[in-house]
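Undergrad: First to last, the protein sequences are chains A and B. Just so we're aligned: 112 in full-length UniProt numbering is position 112 of the first sequence, and the numbers increase by one with no gaps anywhere. Just so we're aligned: 197 in full-length UniProt numbering is position 197 of the second sequence, and the numbers increase by one with no gaps anywhere. Heads up, the beta-carbon is just placed ideally off N, CA and C, and yes, glycines get one too. One structure is given below, represented as structure tokens, and several questions about it will come after.
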Amino acid sequence: MSLSNLIQNWNSFRTRRPYEGQYDDAPYKWAMVIDLDACIGCNACTVACYAENNLPVVGKERFGKGQAMHWIRIERYWGEGEAMQSEFPDHGAQYLPMLCQQCEAAPCEPVCPVGATHHSPDGLNTQVYNRCVGSRYCSANCPYKVRYFNWWNYPDRAWPNPLELQLNPDVTVRSKGVMEKCTFCMQRLRAGMDKAKTEGRILADGEVLTACAQACPTSAITFGNLSDKKSKVARTWKNQQVDLSKNVQEKSEEGIRGYRILEDLNTYPSIVYLERVRNLEA
Amino acid sequence: MNYGKRIFLWIVLFWIGSAQVFAEPFVQGGPIGSQTSDGYDALGPVVEQPIEFPHNTHAGRMQINCMYCHTYARRSNVSGIPRLDKCMGCHNLIEGVKDRPRIKKLFEYWENKQPIPWKKVHDLPDFVRFNHERHIQRFYFQEKRPVREVCGYCHGDIASMTTARRVKALSMGWCVSCHQKDHLEKAGSTVTSHGPNDCWLCHK
């Protein structure tokens with residue numbers, strides 16, 4: 001992609017995504033549904049992500065400084081009033097797995113000074129490590145705070161011999177000064193898509209899963225292809241009346257749980273969360 | 001500039017241009033560090049193999065398909081270095097060459113039950129992913145081009161070398177230059193398409 005092409009087509013890069021019916025022809029548009037009612041906050045998804053994507057364990061001290069590298073994290077929220085005043089205020093937390101929302105109009109993309117992050121045809125927000133110069137502008141611009149910066153040269157210390165043998169060869173081991181983020185397990189998707197292309201078909205629903213979706217014990221995370229109208233994800237998006245290309249979702253009735261986080265920022269995220277069902281009467 | 005000069009300039013320009021377009025697909029790999037036919041350099045370090053494997057005999061004179069030994073090329077990311085028993089499968093039965101020094105060395109490895117420590121010649125950086133399967137499926141099975149040509153796009157004319165040498169740049173600009181060209185979708189068809197240009201296709 002040349003610079004002149006980038007300048008000429010700037011509008012389509014920035015503002016025309018997404019528009020109505022954009023993915024009708026595209027073979028793939030990866031999306032996710034996370035059911036917060038099913039999430040038990042067990043962190044299995046986080047552990048799976050660490051294993052799959054060569055994430056370094058930074059230790060307590062650096063974690064405290066905000067240098068953690070978890071591409072997916074479990075956020076905890078407490079209700080107001082009663083829960084906070086009980087004998088065990090830690091009880092009653094609600095969990096929310098937070099990972100890169102793969103926004104269609106991603107705030108991180110236009111600010112990169114070197115074009116290291118861009119949008120893929122599959123609707124993913126990509127990060128090219130060897131192009132990244134570490135300005136951290138993308139992280140500053142991300143409303144979900146799901147971009148992580150390598151403050152240290154982790155390959156030197158995070159996997160002492162023989163732990164380096166656990167590294168996933170399909171994923172780059174990032175070194176100091178590089179921004180990184182959730183990729184929706186691109187290495188798995190790519191392997192599946194290549195195999196499917198050789199066989200002259202598109203990937204079936206559930207054929208490829210992200211590591212987090214695969215590890216989730218309660219199946220709270222559903223991953224799939226939104227372009228495939230019969231996929232579980234596409235059906236859930238439709239049932240929950242969430243439209244990718246709208247930033248205000250109109251619900252036909254009360255009790256439809258699907259929502260996207262910080263939609264009013266016009267980011268058009270690819271992840272739908274299903275609100276937790278609470279019995280307020282009891 | 002007068003008219004004659006201009007005509008002359010155009011002729012020269014056309015001659016240069018056509019020489020580029022109709023350049024030989026395979027250029028004999030020069031000494032390492034020299035430039036490729038495409039004007040790229042930096043071909044990587046000189047690699048000394050444990051046995052000077054004669055590709056020119058196997059792929060050249062004997063016309064053995066590359067994928068007889070590099071079996072995984074058509075179904076996997078990597079093409080695969082053949083195991084020792086693949087060599088022995090044939091060479092056990094070829095009495096005529098058993099006294100040659102290279103074959104003696106091969107049998108030595110076999111009797112010591114040691115794998116031959118072949119070294120990687122076409123080594124890409126760790127952040128790059130290259131899929132042999134898709135390229136072989138497209139150009140060999142769909143377009144039905146000769147195998148020497150298909151493999152030769154990236155590996156040069158290995159059938160004229162002994163041990164493989166890197167003759168193509170294998171740099172990003174070089175990959176993209178081919179991905180931007182129009183290629184036939186199938187043998188006999190006129191439908192063309194070019195390679196994908198998504199960053200995450202190759203970067204991982």
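Going along chain B in order, which residues have a C-beta closer than 9 Å to the C-beta of A/Met-32?
TA: Taking the first residue of the first sequence as 1, we reach residue 32 of chain A at position 32. Chain B residues near A/Met-32: none, gap ~17 Å exceeds 9 Å.
Undergrad: Taking the alpha carbon of A/Asp-37 as the reference point, which residue from A/Ala-140, A/Ala-106, A/Pro-97 and A/Thr-117 has its own alpha carbon closest?
TA: By one-based count along the first sequence, residue 37 of chain A stands at place 37. The candidate whose alpha carbon is nearest that of A/Asp-37 is A/Pro-97.
Undergrad: Pick helix, strand or coil for B/Val-21, following the three-state DSSP scheme.
TA: Here residue 21 of chain B refers to the residue found at position 21 of the second sequence. Only weak support exists for where B/Val-21 lies, its pLDDT of 38 falling under 50; the coordinates are left without a value.
Undergrad: With C-beta atoms as the reference, is A/Val-33 less than 9 Å away from A/Val-248?
TA: Mapped onto the first sequence, residue 33 of chain A falls at position 33. Mapped onto the first sequence, residue 248 of chain A falls at position 248. No; because the gap between Cβ atoms is not below 9 Å, this pair is not in contact.
Undergrad: Under 8 Å: do the stretch 117-128 of chain B and the stretch 161-178 of chain B share three or more Cβ pairs, one atom per stretch?
TA: As far as the Cβ criterion goes, the stretch 117-128 of chain B touches the stretch 161-178 of chain B, which means the pair count is three or higher.
Undergrad: So, are the CB atoms of A/Lys-118 and A/Glu-109 less than 9 Å apart?
TA: The residue labelled residue 118 of chain A in the question sits at position 118 within the first sequence. The residue labelled residue 109 of chain A in the question sits at position 109 within the first sequence. Here residue 118 of chain A is His; the residue named in the question, Lys, does not match the sequence. Yes; because the gap between Cβ atoms is below 9 Å, this pair is in contact.
Undergrad: Measuring only the C-alpha atoms, how far is A/Trp-159 from A/Asn-141?
TA: One-based indexing of the first sequence puts residue 159 of chain A at position 159. One-based indexing of the first sequence puts residue 141 of chain A at position 141. The alpha-carbon atoms of A/Trp-159 and A/Asn-141 are separated by roughly 31 Å.
Undergrad: Quick check on DSSP: helix, strand or coil for A/Gln-127?
TA: Taking the first sequence and counting its residues from 1, the one referred to as residue 127 of chain A is at position 127. Correct three-state label for A/Gln-127: strand.
Undergrad: Once you ignore the five residues that flank B/Pro-25 on each side, which residues in its own chain have a CB closer than 6 Å to its CB?
TA: Taking the second sequence and counting its residues from 1, one reaches residue 25 of chain B at position 25. Confidence in B/Pro-25 is poor, its pLDDT being 34 and thus under 50, which makes the residue's placement too unreliable to answer from.
Undergrad: Does DSSP put B/Ser-171 in a helix, in a strand, or in coil?
TA: Residue mapping note: residue 171 of chain B aligns to position 171 of the second sequence, counting from 1. Coil, per DSSP.
Undergrad: To the nearest angstrom, how far is it from the Cα of A/Glu-20 to the Cα of A/Glu-250?
TA: Numbered from its first residue, the first sequence carries residue 20 of chain A at position 20. Numbered from its first residue, the first sequence carries residue 250 of chain A at position 250. C-alpha separation (whole angstroms): 15 Å.
Undergrad: Closer than 8 Å, Cβ to any Cβ of chain A: which residues of the stretch 125-149 of chain B, in chain order?
TA: Answer in chain order: Pro-125, Asp-126, Phe-127, Arg-129, Asn-131, Glu-133, Arg-134 and Gln-137.
Undergrad: When you compare each of A/Leu-3, A/Tyr-268 and A/Ser-175 to A/Pro-56 by their alpha carbons, which one comes out closest?
TA: Taking the first residue of the first sequence as position 1, residue 56 of chain A is located at position 56. Among A/Leu-3, A/Tyr-268 and A/Ser-175, the Cα nearest to that of A/Pro-56 is on A/Ser-175.
Undergrad: Return the first residue and the last residue of the beta strand (DSSP E) that A/His-119 is part of.
TA: Mapped onto the first sequence, residue 119 of chain A falls at position 119. From DSSP, the beta strand (DSSP E) with A/His-119 extends over 117-119.
Undergrad: Looking only at its own chain, which residues have a Cβ that is under 7 Å from the Cβ of A/Arg-136, when we skip the five neighbours before and after it?
TA: In the first sequence, counting from the first residue as 1, residue 136 of chain A sits at position 136. Result list for A/Arg-136: Phe-149 and Met-179, in chain order.
Undergrad: Got a sec, what are the start and stop residues for the alpha helix (DSSP H) A/Glu-164 sits in?
TA: Against the first sequence, residue 164 of chain A aligns to sequence position 164. Careful: A/Glu-164 lies outside any alpha helix (DSSP H) and carries neither H nor E.
Undergrad: Of all the residues that make up the stretch 183-197 of chain B, which are near chain A by a beta-carbon distance shorter than 9 Å?
TA: Within the stretch 183-197 of chain B, the residues whose Cβ lies closer than 9 Å to some Cβ of chain A are Pro-196 and Asn-197, listed in chain order.
Undergrad: Can you name the start and end residues of the alpha helix (DSSP H) that A/Arg-157 belongs to?
TA: Stepping through the first sequence from its first residue, residue 157 of chain A is reached at position 157. Note, A/Arg-157: alpha helix (DSSP H), 154-157.
Undergrad: 9 Å is my cut-off, CB to CB: does B/Leu-170 come that close to chain A?
TA: Here residue 170 of chain B refers to the residue found at position 170 when the second sequence is read from its first residue. False, the Cβ-Cβ gap to chain A never drops below 9 Å.
Undergrad: Please decide whether A/Gln-22 counts as near chain B, where near means a Cβ-Cβ distance under 9 Å.
TA: Here residue 22 of chain A corresponds to residue number 22 of the first sequence, with the count starting at 1. No, no contact with chain B.
Undergrad: Give every residue of the same chain whose Cβ lies closer than 7 Å to the Cβ of A/Ser-4, excluding the five residues on either side of it in the sequence, and list them in chain order.
TA: Sequence index remark: in the first sequence, residue 4 of chain A carries index 4 (1-based). Result list for A/Ser-4: empty, nothing under 7 Å.
Undergrad: Comparing the C-beta of B/Asn-77 with each C-beta of chain A, is any distance below 9 Å?
TA: As a first step, residue 77 of chain B is located in the second sequence; it is residue number 77 there, counting from the start. So yes, B/Asn-77 belongs to the interface.
Undergrad: For A/Ala-31, list the residues DSSP reports as bridge partners.
TA: Here residue 31 of chain A refers to the residue found at position 31 of the first sequence. Answer is A/Gly-224, bridged to A/Ala-31.
Undergrad: In terms of residue numbering, what span does the beta strand (DSSP E) encompassing A/Val-208 cover?
TA: In the first sequence, residue 208 of chain A corresponds to position 208, counting from 1. Where A/Val-208 is concerned, there is no enclosing beta strand (DSSP E), given that its DSSP letter is neither H nor E.
Undergrad: Excluding the 5 residues flanking B/Val-47 on each side, which residues of the same chain have their C-beta closer than 7 Å to its C-beta?
TA: The sequence position of residue 47 of chain B within the second sequence is 47, counting from 1. Here the set comprises Lys-119 and Val-121.
Undergrad: Does the beta carbon of B/His-70 sit closer than 9 Å to a beta carbon anywhere in chain A?
TA: If you number the second sequence from 1, residue 70 of chain B lands on position 70. False, the Cβ-Cβ gap to chain A never drops below 9 Å.
Undergrad: The beta strand (DSSP E) with A/Arg-76 in it runs from where to where?
TA: Counting from 1 along the first sequence, the entry for residue 76 of chain A is found at position 76. 73-77 is the extent of the beta strand (DSSP E) around A/Arg-76.
Undergrad: So A/Leu-265 is in the beta strand (DSSP E); what residue range does that whole segment cover?
TA: Here residue 265 of chain A refers to the residue found at position 265 of the first sequence. Unbroken run through A/Leu-265: none, as it is neither H nor E.
Undergrad: When the cut-off is 9 Å and only beta carbons count, does B/Trp-174 lie next to chain A?
TA: Numbered from its first residue, the second sequence carries residue 174 of chain B at position 174. Output row for B/Trp-174: interface = no.
Undergrad: Which residues in the same chain have their Cβ closer than 6 Å to the Cβ of B/His-70, if we skip the five residues on either side of it in sequence?
TA: Position 70 of the second sequence holds residue 70 of chain B. Ser-79 and Gly-80.
Undergrad: Measuring CB atoms only, is the stretch 258-275 of chain A touching the stretch 58-69 of chain A, in the sense that at least three cross pairs come out at less than 8 Å?
TA: No, because fewer than three Cβ pairs between the stretch 258-275 of chain A and the stretch 58-69 of chain A fall closer than 8 Å, the two stretches do not touch.
Undergrad: One question on the structure: do B/Asp-198 and A/Thr-172 come within less than 9 Å of each other, judged by their Cβ atoms?
TA: Your numbering for residue 198 of chain B matches position 198 in the second sequence. Your numbering for residue 172 of chain A matches position 172 in the first sequence. Their beta carbons are not under 9 Å apart, which means B/Asp-198 does not touch A/Thr-172 by this criterion.
Undergrad: Do A/Ser-245 and A/Lys-29 have their C-beta atoms closer together than 9 Å?
TA: Start at 1 with the first residue of the first sequence, and residue 245 of chain A comes out as number 245. Start at 1 with the first residue of the first sequence, and residue 29 of chain A comes out as number 29. No. Outside cutoff.
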